[in-house]
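These notes concern the structure reproduced below.
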Amino acid sequence: MKILTTLAVTGFFAMSAFSAATAANRHVDIVNDTGMTMSEFYASATGTDDWEEDILGSDTLAAGEVFDIDVDDGTGACKYDFKAVFTDGSSHVKRSVDVCSISKFTYRQ
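Structure follows, in structure tokens:
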């Protein structure tokens with residue numbers, strides 16, 4: 036009986052940890068501190084080959100502005116790759132950003 040109780044307690048803690056991870060807050064403030072205007076922004080789960088859709092859409096993010104995004108594709112993933120594209124045609128990619136543990140990500144020049 037002790038083994039069954041131990042397994043039940045272990046299972047409970049494993050389920051609690053999983054629930055906490057899947058319920059993690061994935062709202063991230065994207066800060067543009069580059070001196071340039073950001074025209075596109077993408078966030079895709081690390082390991083995928085597709086950048087998904089442009090989160091900014093028809094909006095832009097001027098230098099010094101902040102944009103709040105909810106980085107959640109429904110998979111429960113915490114690691115995402117970010118890609119910012121600027122009006123001068125340059126882009127900056129940051130890999131494996133843990134959106135479950137940060138609330139702000141700043142692009143710098």
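For what it's worth, my numbering labels the leading residue of the sequence shown as 36, then goes sequentially.
The beta carbon of each residue, even a glycine, is placed where N, CA and C say it ideally should be.
Tell me whether residue i is buried or exposed, calling it buried when 16 or more other Cβ atoms sit within 10 Å of its Cβ.
i: Val128; result: exposed
i: Val63; result: buried
i: Lys78; result: The amino acid occupying residue 78 in the given sequence is Ala; Lys does not appear at that position. Buried: at least 16 other Cβ atoms inside 10 Å.
i: Gln144; result: exposed
i: Thr122; result: exposed
i: Glu75; result: buried
i: Val106; result: buried
i: Val134; result: buried
i: Thr57; result: Bear in mind that a pLDDT of 45 at Thr57, under 50, signals an unreliable position, so the model cannot answer this.
If you follow the beta strand (DSSP E) that residue i is part of, which residue opens it and which one closes it?
i: Ser126; result: 126-133
i: Thr141; result: 139-143
Check the DSSP bridge columns for residue i and list the partner residues they point to.
i: Asp116; result: Ser79
i: Asp103; result: Asp64
Would a C-beta distance cut-off of 8 Å place residue i and residue j closer than the cut-off?
i: Ser131; j: Thr83; result: no
i: Gly70; j: Ala98; result: yes
i: Asp89; j: Thr141; result: no
i: Ile65; j: Val101; result: yes
Item checked: Unbroken stretches of the beta strand (DSSP E), 3 residues or longer, contained in the region 55-90 -> Inside the region 55-90, DSSP marks whole beta strand (DSSP E) runs of 3 or more residues at positions 62-68, 73-80, from first to last along the chain.
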